[in-house]
Structures are given as C-alpha cells and as structure tokens.
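Here the structure is laid out as structure tokens; the discussion comes afterwards.
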C-alpha cells in the first residue's frame, strides 16, 4: 500500500479515514486525519479509502488548508507514487487536480451526503485465522445504533418520564412510580417524602435522583442520613441505582479524609453526626460547597434550631433540588411541622412565624372538613356556597362550586378532584399510608399491596441464680452512682447512657456486659488517659440526644466509649464494680437461661414447621457470634448464619443470600445492621433475643419482614425474664401495650418517641422495673394523643385516585418485563473495539468491556436475574457502561448512512429507494434564553417523550404508503434472514473503481437517486411535522394546565386572604410567575420543534 494513501480500519470506522505513514513488514503505521492519533496496524486489517464526487474536503494549497469539493470526473493514479489523483473545485470556484496525500481532512457529512458519497464501510474483511465469509459489518452497526437510540428515547414513554425505572434494580410499586413522576414533573424539585415506614421512601428518592442524573450526568449529590443508615444508603444507591461510587463519611471517616470532600467528590453520603460535630474549618467548607441535589433522611430527628438543622438550612438554600425524607409531624407539633417546611422551602416558610402557620393549619382543617362532607353528603348542592365563601378567590373552584349548585352532572367529582389537586396543605408534601394503599389495591385489583397482621408472643424465662445475682449487683451499682445526684439537677445524660448500656448488655450476653465493665475499670485505673474521650461529650447535650440510636457502627463504639469515661468516681465504684465483674464471670460459664429458652422455642417451632426461616435480633454485635455458636451446637452448623458488624460488606451480602436461598439455613442472628433497610419478607418469625431502648429500632427490625406486599401474620417473639424485677420485661410491656409496635406500625409516633424513651429511662433509674410499669398508663396516654385522627382522615380524602394508581401498576408491570436490545448493545460494543463474552454456566452472564475500560464488567440484561444477583451488574439505562455506549452512539455522526439489499417477498418482488428516520427535536434556544437549565426538559419528556418517525421513499421520489410493502421494508437489516450489504467486497473499491476507469455515469445515477429519495423524505417529513408537534403540544398543555392552575390558585388565595403586599402573597405570586416562565419557554421549545433527519439507508429489494 503506497505511503500517503488514504485508508480506513473497519474495526475503527468511527475514527474516519487515516493516512499511511510507513510500512514495517506485515504492519503499517497510520495517522487518523480527524484526531491526529497514530497507530501500528496489521496491514491485512487496512482498506483503501476512496473518495466519491461531492465529498467535501480540506486540502493543502501552497502549504495552507483550503476547502474543496470532489468533482464527478475520472480518478487518475499517479504513476510514480501509485497514489490516487482527484479532480476538485476549490471554494472560490477554481478547479484543480490533487493527489490523495494532499487531503488534510474529510468533512463530517449529514446523512444524505454520507450516503451519496458512500461514506461508510460495508464489510469487515476476513483476516488472521478466520476463513469464513466477510461479516456484513456496516449495516449491522448502523441498525444497532438506530435501535439503541430508539430504545433510549422509548424509555421516556415506557417509564412515564421516570427514566430511572428503565435501569433501576427494583420492582417499583404503583405509588412509588406516582411519587417519582409527580416530583419530576414539578418546576422545582423540593419535596417532603413522608410515606409510612416500609413503603419505600429510599426507592422513591433513588428514582428521582437517577432520573435527574440521566439529564445531568455531572450533577453533584449529597445525602445526609443518621449514621446507622450510611451503609444502607450506600448499598441501596450502589446496587439499585447504577453502581455510582458514593463516598461514605461518618465522623471518624471525615476526620481521616485527606482533602475537602465537599469540593472533591461528586457523590457523598454523610452521617448527621459528621456534619453536626465537624470543626469550624470543615463547617465553613461545607457551607461554601455547591450541590445540585440534597437528600436528607430521617430529618424529623433534627432539633429545629440545632447545629445540624442550621447547617442543612444553608445547603438547602443553595441547592436547586432538595428531598427531605421524614415522618410527617402530627398536628400537636406545629413547630416541628413548620421547621421541616422551612428547611424545604426557606423562602416560603419562616420558623419564627408560628402564628401564621397555625392559622394556615386551621384554614386547611376547614378545607378537609368541607371536602369530607362534600364526598359523603347525599345532597352536596347545599355546600356550594360554603366552598365559595371558603375558597372563592380561586376562580376555577368558584366555577366548579357554581356547577355544583346548579346540579350539573359530575360537578361533585370535578370539584373534589380540583380541591385534591390544588388545595392541599402544601403540594410539596407527599404522604402514603399502608391502609390507603391497601384500599386502592383492593379497588383496582392490583396485587402486592396487602397489609400484614403483626402478632407478638412473649417468651418468658426464669432467670437462674447467677443471672439474678448479676441483676442484683447491677441495681446496687446503679443506685450507688446516681445516689449523689438524687437531690441535684437529675442524673447526667452521659451517666444515664452508661447505665443503660449495662442493662442492654445484660440482656444481650455475659460477654457484652464483661467487656463494658472492663472498659469502665480501665478508665477508673487511669482517668487522665481518657481525658480526650470525656472532652468529646458535648456541653449541654440532653438525655434524648445522648440516647440517640441513629449512629454508624463506628460512631456507636466511640459514643459508648465517651459515656464510659464520664462521671467516674473510683472511691465510689471500685468495690461494687469488682463484685459485679466477678458475678458476670461466673454467670458466663454456662449457657444463659435466656438462650436455653430460645433453643426450646425454636425446637418446638421447627418440629411443627421445619425449614421455616427465623430472624434473630440482638442489640450488640459482640453477642452475635455467641448466640450463633449456641444455636449451632443445638441445631447444627448449616442451620445458622450470622449478619453484622463483625463482617465486611461482601461477607454480609453472602450471608444474607445464603439465608434467603439455602433450604438448610433456618436461622440468622443479626446485630442492628440487620435492621437497616433489608428486605427479609421471606422470614416466618422475628425473634427479639433482647430489645433495644428505641421504638424506631424495634420498628426497623419488624419492618424488615413487615413490608408492603407481605400478607398473613408477622409474628414477633420477645425473649425476656419473667421475674418481677426484670427491667427488660417491663420495657417489653411498655412497647407492647403502650406503644403497640408489635401489633401495628409506629408511624406517626416519631415526634414523641424521644420523650417516651427518656421518661422510661428516668423511671428505671429512679425505681427500676416497678417504676417503669407504674409509668405505663402515662406513656400510653402520650401515644394515644399522638395518633391524630385528623391526619388519617386527611390522607384518605387526599389520596391518589384509583385510575392513575391502576395505570401506574400496569406501567410498572410492563417495565419489569422489559429489557434492553442485547444484540445491538453487543454489536455496538464490538464495533467500537470493545469485547463481549458470555458465560456458559447459568445465569449465563455477559462480560462487557468498552474501549474506555481495561477490565470487563460482569452482568446481566434480565431484571429478574439482576434482582436476585446483586453481585452482577445490571446492564440497562443508568449503568455507567451502557450510558457511555449510548453517548457514543448518539455522537456517531459517521454512522448515519448505509445501504443493503433484501430478498424478495411474496408481497414485494422488487423495490428500490431510501429509508429515512427522523427525530422530533425541540428548539433549545427559548429554554436557554429564559435562563432555564436543560434538565427542565424533563417536564416536557414526561408528557411528550422523544419520538422517531420512519419514512420510505421510492427512487423516483414518491412516498411509499402501501401497508403490505411497508411490512416488508420496515424490519431492520438482518443478515440471518438473507439481507446483504450493497457492496460485496471488503473495501470501498466497488464505489471508486468505475471512476478510475472513467465511467462516472453509474456513480452519478447513484447519487441522483439518493438525493431524489432524500428530498422526497424531507418533504414528507415536513407534512408530518404539524401532526407530530400538535400531539406533543396538546399533551404538554394538558399537563401544564394543572400546574399553572395550582400556582395561580395559591397566588390568588394568598393575595385575597393576606393582601397583595404580604410577604407570603408576594412569594406565591413569584412562584406563579416562575411557572408561567417555564411554561412559555418549554412551550416555545416544543412549538419550534422540527423533524431532524437522524439516519438514511438505501434499500433494494430483489
């Protein structure tokens, strides 16, 4: 091959033409014209790259680049160099002849000219040991690209605009899809997700986050959660939502981080305590950081004016997207309610305006009452004047009320729907309750949303003499330590926390209690050595703050250590501590009575129900191995698995998988990590070996099994001492009878559990189990007062309609069964120099390596397999490798033209013409001119998803409309069915050979045919555009009619009730103006949309 010749490498066709620089034996050194990159390639894998008439190039003239176009004249060959010589016309009109080594670049062409000038490769040449026929490489790559981009665009329609659903490793429930769609369709993503425990708030947040990342891949995300949930959130987001590598930061990790994570990292999950207790420098760095999305979980646990709340308020003001995951405060806590809304919308709500918020709550109560009467009254006509008096400032409601008064059919339904949509307390609060979803499920026939029945069995045991001795000495030790505070300000929080740890350790295992006592003894021996730990106790911290159960496993250890170093008194403690340690050592020499009772209960259970799964919880990670060892001795090694802080993440996942899948594994012993975010619906019984001093932690335990869709019973066994003085038994009584957590969810109690747990501990410190039992009626009254019937009634009245719920269920089912175009994905990866392999063993996973990666990724395309195999990647939209592949395909303008021949069919003997694919493309100029981010296009794509239109035009320029003919032409290229590329050789010689002999007529006829067909296709697309555009605009208008009406109604109501000069009224008016701005900009983008030619193929039948 001559030096300086234009060549191409079929396997690297995206790189375009190259020039030969030198030959070295059987290899050739080439340089690509487009990138300048050089490479050494097997000469057998290189083909000559001929240029056809009409090709636009840049060539050297007197050493300077100049634009030119090739003419339809004979191609000569330079006798001395063997290089091709082309006839060209310079941009100024002069004609000349140049050798191919003068060509500096070949211009990227749009599809029509790419097809006319044969700017594509037809076949991959056989080389090496391969001796089979050449592979039809070009058409398959072309069709793979088309199918990939079509799959990407169709996902918007198939997911209802929640694009994350296409690739999330979840089985989305209807209410989760509705929540995500509602959030993503709003002008501003700032929402409070307040579903009951177990309904999937984390999944909802993940779907919203992943959908936004699909529009804005560089988006920075900060997730702030209680420390105990850091690992859970990491696993949920990593496994279920695209495998993104979030940096986990609790306090200990943050202190060791070498740089500034708030600036350096794109994805961060930070614990509450890490943000709360950072030094001034780190706090300033955090305040100055910019995040595109802020997610805060369990935010009801924050003190409204605490350090964490204030720091998150700064981040919230500066973040475009904010999601708060929280319980919704009951009406008895308007201050907490207001604090959440002020964190969510600081420009709308002020924490110091409690009177104004109370008035808003009272006004909304009147709306709720009137709505209930309207829905239930047999003759609602008489209620129309009440609606006009209450909300007459809303013109749409006033019209519907007048329709109601006139007795118009369906007026009641229209008014109810309008109030539900436009007059919630705040439309940015989304709350779902189990009972409401169960009702919707029953009414629509949607399965998987039944409500289980919780039951409780108290498994009591008689403490033996060694345990009674330990209990006696702990009581004496407790009395000695708190006696000095009896007449003062009460027991210090850190001392109360330390004494509670001993009580919890007693319930867990003698080893736990022994380690705690050894820790205290070490501190007493040299208090000054542990001064740094005592210094970490925050001045002024309350008992509720110290009792917090929301720390990470690292933070828990240090938190207990801090309490162990506080309020030490060697003279007072030394003797009772020594006696207590000796008693614990004696107690630990044999299996405890608690454990013996657990063995007996399991024996009876498995005798009647062999192989049924039992999930056993303990409060301390140190107790896990001891309890598991005892059960292994009793039942065998295969029967028992463990799960907890003693394992790394991978081992924990393997343990959970074995417990789920292995029929010989009947029990799993867990520490608190097992109660965080796991799905153990398959478990038959939850056994509480010992109870934590936390209602939320107990709810989390039961919530691993009592999840939405679980039917039947969810039994809990509570193991506790039966002796009257056993504090664990008294606490179990309070939890069972006063709180009722074993008989139903504790949702709605989140804002009183701190008070309940603190009062209970104070009672124990003052008078032990007897004092706690005396307090039970008071605690029961506290809980009963919190369960506000008004909240439940409001949720029922403002619940989702049955029709959207059923539609969401159908969409979720369709998404679950869908999967990506596997063949096209593999084809494209191979075509770009990547690697595809498939395992022989089930589940026959794929190994994919793109050209950007050194190592392959192991995964599957089947969602059902991906759900049960978290160790495998899920190759779908949202996965990094797949998204990069789609970006490559979208940018591959070189792959928009092809030509192939199809065998005749019974209904079509011969046909020749073009296949043109068009994409409806929005005009982005109005969006940018309005100052909107491009991710606001999500609001368009939800209601008017991207569309593609395929048109066939005969060689004479006429549009093909015969359905029988179209059915033959429509399928894409498939070599297995006999389709072949137009050219039958491995290079473009077939296109350039006629020119080399002076026969240009054949090429001219080809180009004229292509251009004639393309002109017809473009003309037909012009006639189709109004219909396509009008359909999209109609859907857009219908969607925005609702959101504009909400904004306008809120502005009108605020102005009428508060006056137009009031701050809240001005804010409501500004939001209405912003909604109108987005409506006009997005509407203009859609009105200016055009059908852009995406690809063009020449098809010959016969």
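Residue numbers (my numbering): 14 to 1115.
Heads up, the beta-carbon is just placed ideally off N, CA and C, and yes, glycines get one too.
For this session: Determine the DSSP secondary structure at residue 27, reduced to helix, strand or coil.
Result: helix
For this session: Quick one: which unbroken alpha helix (DSSP H) runs of 4-plus residues sit fully inside the segment 850 to 883? Chain order, please.
Result: 876 to 881
Exercise. Which partner residues does residue 962 have in the DSSP bridge list?
Worked result: 931
Problem set entry | Extent of the continuous beta strand (DSSP E) run through residue 911 | 910 to 915
Problem set entry | Stretch-stretch touch, CB-based, cutoff 8 angstroms, three pairs: the segment 918 to 937 with the segment 1105 to 1114 | yes
Exercise. What residues in its chain sit with their C-beta under 6 angstroms from that of residue 1045, if we drop five residues either side in the sequence?
Worked result: 957 and 1099
For this session: Could you check which residue in 155, 367 and 1005 has the C-alpha nearest to that of residue 347?
Result: 367
Exercise. If residue 39 sits next to residue 55, beta carbons under 8 angstroms apart, how far is it from one beta carbon to the other, in whole angstroms?
Worked result: 7 angstroms
Exercise. Which value, in whole angstroms, describes the spacing of the CA atoms of residue 638 and residue 743?
Worked result: 27 angstroms
For this session: Following the continuous alpha helix (DSSP H) through residue 683, name the residue where it begins and the one where it ends.
Result: Looking at the DSSP string, residue 683 is not in any alpha helix (DSSP H); the run it does join, the beta strand (DSSP E), is 680 to 683.
Exercise. Taking the continuous beta strand (DSSP E) assigned at residue 6, which residues delimit it?
Worked result: Nothing about residue 6 can be reported from this structure: the residues present for the chain run from 14 to 1115 only.
Exercise. In terms of alpha-carbon separation, which member of 398, 423, 364 and 759 lies closest to residue 467?
Worked result: 759
For this session: Write down every uninterrupted run of the alpha helix (DSSP H) in the segment 168 to 207 whose length is 4 residues or greater and which is fully enclosed by it, in chain order.
Result: 187 to 197
Problem set entry | Collapsed DSSP secondary structure at residue 79 in the structure displayed | strand
For this session: Would you check if the segment 575 to 586 and the segment 531 to 542 touch, i.e. whether three or more CB-CB distances between them fall below 8 angstroms?
Result: yes
Problem set entry | Segment limits, alpha helix (DSSP H) that includes residue 435 | 424 to 435
Exercise. Taking DSSP as the reference, what is the three-state secondary structure of residue 471?
Worked result: strand
Problem set entry | beta strand (DSSP E) runs wholly inside the segment 228 to 314, at least 3 long, in chain order | 234 to 238, 260 to 262, 280 to 284 and 306 to 310
For this session: Assign residue 712 to one of three DSSP states: helix, strand, or coil.
Result: helix
For this session: Quickly, what does DSSP pair residue 19 with across the bridge? List them, please.
Result: 32
For this session: Report, in whole angstroms, the separation of the C-beta atoms of residue 730 and residue 517, which I expect to be a contact under 8 angstroms.
Result: Not a contact, Cβ separation roughly 18 angstroms.
For this session: Could you tell me which residues DSSP pairs with residue 824 in its beta bridges?
Result: Paired residues: none, contrary to the question.
Problem set entry | residue 1104 to residue 671 span [Cα, whole Å] | 54 angstroms
Problem set entry | Beta-carbon proximity of residue 246 to residue 234, cut-off 8 angstroms | no
Exercise. Leaving out the 5 sequence neighbours to the left and right, which residues in its chain are closer than 7 angstroms to residue 751 when beta-carbon positions are compared?
Worked result: 789, 792, 793 and 796
Exercise. By Cβ distance below 7 angstroms, which residues in the same chain neighbour residue 857 in space, the five residues on each side in sequence not counted?
Worked result: 851
For this session: Just confirm the distance between the C-beta atoms of residue 529 and residue 513, as a whole number of angstroms; I'd bet it's less than 8 angstroms.
Result: Wrong, their Cβ atoms sit about 11 angstroms apart, outside the cutoff.
Exercise. Any chance the segment 944 to 961 sits against the segment 1046 to 1060, with 3 or more Cβ pairs inside 8 angstroms?
Worked result: yes
Exercise. Rounded to a whole number of angstroms, what is the C-alpha to C-alpha distance between residue 608 and residue 592?
Worked result: 24 angstroms
For this session: Assuming residue 880 contacts residue 257 (C-beta within less than 8 angstroms), just tell me the rounded distance between them.
Result: Actually they do not touch by this definition, with Cβ atoms about 19 angstroms apart.
Exercise. Based on the DSSP output, what are the partners of residue 1111 in its beta bridges?
Worked result: 912 and 927
Problem set entry | Residues sharing a beta bridge with residue 103, DSSP | 81
Exercise. By the 10 Å Cβ neighbour count, where 16 or more other Cβ atoms means buried, how is residue 695 classified, buried or exposed?
Worked result: exposed
For this session: In angstroms with no decimal places, state the Cα-to-Cα distance between residue 985 and residue 385.
Result: 57 angstroms
Problem set entry | Between the CA atoms of residue 519 and residue 748 - distance to the nearest angstrom | 19 angstroms
Exercise. Identify the residues that DSSP records as bridge partners of residue 73: which are they?
Worked result: 78
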